[in-house]
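Everything on this sheet refers to the single structure shown next.
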Amino acid sequence: MMTLENRLSTSLHEKVDSYFEDSAGLDRGVRVDARTGQFTSYKLTFSHELIESLLLVNLAVDFGAVSRPNAQALYSSVFRPFFASLARRSNDISQGGEYVEPSAESEHLLQSFGRFTNTIEQGIRGGELGVEALKVNDARGLRQRIEKIILIHLRMITDPGIFVYLDATRYWTEGAWDHVFENIPLPEEVVQAAEDGTQRSSTVLYGFLRLVGFQSEIKDTLDDMEGIQDESDAIRFREWVRNIFNWRLDFRSQRSMMRFEQIRDLLITVSAAELPVGDRALVREKLKNIFDEVYGLNLVSA
Amino acid sequence: MALVDVASLAKVSCEQISMNNPSQQHFQHVFCPLDKLLPGSYGYLSTSNMSDTAIVFVHGFDGDPADTWTDFQTLMDTKAGIPPEWQNADSFFFTYRSTKASIDDSLDGLREFIDSLYPTLSHRVVELLPEHLQLPATYTKLILVGHSEGGAVIRALVASLGSRWETGGVRSSILDSRVALFAPAHFGFMPTSWLGALASITGIAGLMGIAISYSTPASEMRDKTALLQVNRITEKLFEKHPRVEAFAAHVLFGVDDHFVIRQYYLQDCRHTPEKGRNHQTICKPSLSYLRPLSFVIGDCPK
Chain L
1 MMTLENRLST
11 SLHEKVDSYF
21 EDSAGLDRGV
31 RVDARTGQFT
41 SYKLTFSHEL
51 IESLLLVNLA
61 VDFGAVSRPN
71 AQALYSSVFR
81 PFFASLARRS
91 NDISQGGEYV
101 EPSAESEHLL
111 QSFGRFTNTI
121 EQGIRGGELG
131 VEALKVNDAR
141 GLRQRIEKII
151 LIHLRMITDP
161 GIFVYLDATR
171 YWTEGAWDHV
181 FENIPLPEEV
191 VQAAEDGTQR
201 SSTVLYGFLR
211 LVGFQSEIKD
221 TLDDMEGIQD
231 ESDAIRFREW
241 VRNIFNWRLD
251 FRSQRSMMRF
261 EQIRDLLITV
271 SAAELPVGDR
281 ALVREKLKNI
291 FDEVYGLNLV
301 SA
Chain H
303 MALVDVASLA
313 KVSCEQISMN
323 NPSQQHFQHV
333 FCPLDKLLPG
343 SYGYLSTSNM
353 SDTAIVFVHG
363 FDGDPADTWT
373 DFQTLMDTKA
383 GIPPEWQNAD
393 SFFFTYRSTK
403 ASIDDSLDGL
413 REFIDSLYPT
423 LSHRVVELLP
433 EHLQLPATYT
443 KLILVGHSEG
453 GAVIRALVAS
463 LGSRWETGGV
473 RSSILDSRVA
483 LFAPAHFGFM
493 PTSWLGALAS
503 ITGIAGLMGI
513 AISYSTPASE
523 MRDKTALLQV
533 NRITEKLFEK
543 HPRVEAFAAH
553 VLFGVDDHFV
563 IRQYYLQDCR
573 HTPEKGRNHQ
583 TICKPSLSYL
593 RPLSFVIGDC
603 PK
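Shown next, in the form of structure tokens:
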């Protein structure tokens, strides 16, 4: 029987291994498009996922879902090596021997996780990783929620379709992005793109839908606070978790938002087109409402 | 007719392999028809008097115990790299009207079949076995193995037994079983419409509702609603009872499976999908593809 801590450990080690394998083999460090000034490297998607993992591990420790010794083991074997590599790249970019100012890459990550700058800055400096804690009155009542959220998180970070979608909306060049719309796949091709990490239209569409599904599950978990006596616990917990996941649809980035809307609208259009003309307008509206309701999660605290 | 062929195939295979390894003591399995218990069902019981594990196999849509599981029956007596636990395991092959009966009807039949075998063989079963066979006193381990729709039937059975327990009923020992699923149809079969794809990939109830109301293949979506319900119930049960083994299944898909939706419950142990295998061949072991034998009886991948 695999416990939550075993699952975390297995998945995070796989993730960080992929992160390092990629940098060693292909030298795909973080790059910036000289013309647009936009980041173009998928290395950053890995970085976001790992920081999300760290923040959830810290939360799980607060609620007793992960023991402190196990969290320390993850800090040592997963997160410290990751931050060390980030700091090395920061130094390279800032051309300094010591970490002084956040590089553009670190700055980008700090912006994505604005609520958790202390943790990220400490990580880059090689300091304590569990510095920001959510204090609540009834940790026991919320433990099941964080356990479920961690399971959802692990599914998300191990789903190659979601990775491709996130990377596409945040970091693909305009040319690469335009290819997504050149040949619209069949619905069964999108379903078959499960566990396919190749950069194709069907994978991007699959990743979008899978992510919407998981974000909907997170929303349901956060909305259902039955049994939690302390209302302020529920509110703070909800906000904390939303802030951890907000980077997945970055409302501050025009590119990320615009690309999200393009995919959403494409799926609504092709779905409605299957129906009799008289039904189309209503179904379009219903579909848009469902997608937007899921991402209301992000709108609240953006 | 097919059953006779299977038995003789197994015998030939065992003899051939025993000749290659004459020095090791090796228990074989004896073919035992169980038609009087359930027409079309049968078992392969170990000649070891130390059998401690009962394995129940459940075929998929339009399948039968021989077609689907022949290769297991042939290979379980080989010594060529299969886990030694197979020697002390008795296998039972369940059958049901997969093309006509509802999942509800099928799960009742499966429960009755298992109850007649586990943890001890019922008098009805013992009467059907060869007299010379040394019978196990009691099994300490149960493994449920499903392919395709068989996986959905097993999951529905587990959800039903878990719900009964949760509402004050008896706790079935089936809940302590290991559940190993090959290409399970627990999220249904491949949709052919965009609305079907949206609903299937996201699992959002609102999208499922739209697909049922407007999509042409509505019957396909009704099945999906029932499957989604089983998923929700099982995930809720797992949240409350994370140590109950049957709530988290081991799941193995083929990379080339284009028949079912390739997704997992949150708590499932995801085994790396097998390259070069499709929906049918994923559960067909051979001397060059022994993974199904270790998948059934092994653990989560580390």
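First to last, the protein sequences are chains L and H.
Note that the first sequence covers residues 1 to 302 in my numbering.
Note that the second sequence covers residues 303 to 604 in my numbering.
Virtual Cβ for every residue (Gly too), placed ideally from N, Cα, C.
Values in this document were obtained by computation on a predicted structure and should not be read as measured data.
Along chain H, in chain order, which residues have C-beta atoms closer than 7 angstroms to that of residue i?
i, result
"I152 (chain L)", "L568"
"L275 (chain L)", "Y516"
"R210 (chain L)", "I503"
"K286 (chain L)", "I512"
"G213 (chain L)", "I503, T504, G505 and I506"
"V283 (chain L)", "I512 and Y516"
"S216 (chain L)", "T504 and I506"
Residues of chain L with CB closer than 7 angstroms to the CB of residue i, please, in chain order.
i, result
"M378 (chain H)", "Correct list: empty, because the minimum Cβ distance to chain L is about 25 angstroms."
"I357 (chain H)", "Under the 7 angstroms cutoff, chain L gives no residues; its nearest Cβ is about 18 angstroms from I357 (chain H)."
"Q565 (chain H)", "A194"
"G508 (chain H)", "I290"
"H573 (chain H)", "By Cβ distance, chain L contributes nothing, its closest Cβ being about 11 angstroms from H573 (chain H), past 7 angstroms."
Please work out which residues of its chain come closer than 6 angstroms, Cβ to Cβ, to residue i, disregarding the five sequence neighbours upstream and downstream, and give them in chain order.
i, result
"M225 (chain L)", "A234"
"Y206 (chain L)", "G161, V190 and A193"
"R457 (chain H)", "H488 and V532"
"L500 (chain H)", "L509"
"P185 (chain L)", "S201 and S202"
"D558 (chain H)", "N580"
"C391 (chain H)", "Residue identity check: residue 391 (chain H) is Ala in the sequence provided, not Cys. T355 and I357, listed in sequence order."
Throw me the rounded Cβ distance for the residue i and residue j pair, which I believe falls under 8 angstroms.
i, j, result
"G345 (chain H)", "S400 (chain H)", "With 8 angstroms as the limit, G345 (chain H) and S400 (chain H) do not qualify as a contact, their Cβ atoms being about 20 angstroms apart."
"T442 (chain H)", "D354 (chain H)", "5 angstroms"
"L74 (chain L)", "L8 (chain L)", "7 angstroms"
"H331 (chain H)", "S348 (chain H)", "5 angstroms"
"E52 (chain L)", "F245 (chain L)", "7 angstroms"
"I563 (chain H)", "G490 (chain H)", "6 angstroms"
"G600 (chain H)", "N580 (chain H)", "At roughly 22 angstroms, the Cβ-Cβ gap does not stay under 8 angstroms, so G600 (chain H) and N580 (chain H) are not in contact."
Just mark residue i as buried or exposed, buried being the case when its beta carbon has 16 or more other beta carbons within 10 Å.
i, result
"V460 (chain H)", "buried"
"H560 (chain H)", "exposed"
"T370 (chain H)", "buried"
"P386 (chain H)", "exposed"
"H488 (chain H)", "buried"
"P587 (chain H)", "buried"
"S474 (chain H)", "buried"
"S479 (chain H)", "buried"
"R88 (chain L)", "exposed"
"V131 (chain L)", "exposed"
"E429 (chain H)", "exposed"
"G383 (chain H)", "exposed"
"R28 (chain L)", "Residue placement at R28 (chain L) cannot be trusted, given a pLDDT of 47 that sits under 50; the coordinates are not used to answer."
"Q229 (chain L)", "exposed"
"M156 (chain L)", "buried"
Keeping to the same chain, check which residues put their C-beta closer than 8 angstroms to that of residue i; ignore five residues upstream and five downstream.
i, result
"Y516 (chain H)", "L497"
"Q111 (chain L)", "R252"
"L539 (chain H)", "A461, G464, S465, E468, V546 and F549"
"N183 (chain L)", "S201"
"G25 (chain L)", "Reliability of the predicted coordinates at G25 (chain L) is poor, the pLDDT of 40 falling under 50, and the value obtained from them is presented with this limitation in mind. So the list is empty, once near-sequence residues are dropped."
"R280 (chain L)", "A272 and A273"
Does chain A have any CB closer than 8 angstroms to the CB of residue i?
i, result
"W496 (chain H)", "Reference to chain A is not applicable here, since the protein chains of this structure are L and H."
In chain order, what residues of the same chain lie with their CB nearer than 7 angstroms to the CB of residue i, ignoring the 5 residues before and after it?
i, result
"V164 (chain L)", "G197, Q199, T203, V204 and G207"
"R264 (chain L)", "F291"
"T10 (chain L)", "none"
"R572 (chain H)", "V553 and Y566"
"L275 (chain L)", "V283"
"L12 (chain L)", "S53, L74 and V78"
Against residue i, what residues of chain L qualify as contacts under a CB-to-CB distance less than 8 angstroms, listed in chain order?
i, result
"L500 (chain H)", "L209, L267, S271 and L287"
"E541 (chain H)", "Q144, E147 and K148"
So with CB distances below 9 angstroms, who are the chain L contacts of residue i?
i, result
"C602 (chain H)", "M1, M2, N6, R7 and T10"
"H560 (chain H)", "E188, V191 and Q192"
Can you name the residues of chain H whose CB is closer than 8 angstroms to the CB of residue i?
i, result
"R155 (chain L)", "Y566 and L568"
"P187 (chain L)", "P493, T494, S495, W496, G498 and A499"
"R219 (chain L)", "As written in the sequence, residue 219 (chain L) is Lys, which differs from the Arg given in the question. Residues of chain H passing the Cβ test: none, with the nearest at roughly 10 angstroms."
"Y206 (chain L)", "I503"
"D279 (chain L)", "Y516"
Anything in chain H within Cβ reach of residue i, meaning under 9 angstroms, just list it in chain order.
i, result
"D223 (chain L)", "In chain order: nothing, as chain H lies at least about 13 angstroms away."
The segment 347 to 359 of chain H contacting the segment 443 to 450 of chain H, beta-carbon criterion three pairs below 8 angstroms: yes
Validate contact between the segment 141 to 150 of chain L and the segment 54 to 74 of chain L using beta carbons, cut 8 angstroms, 3 pairs: yes
Given 8 angstroms, three or more beta-carbon pairs between the segment 497 to 509 of chain H and the segment 469 to 477 of chain H: no
The segment 565 to 575 of chain H touching the segment 537 to 554 of chain H, judged by at least three CB pairs closer than 8 angstroms: yes
The segment 407 to 423 of chain H touching the segment 363 to 382 of chain H, judged by at least three CB pairs closer than 8 angstroms: no
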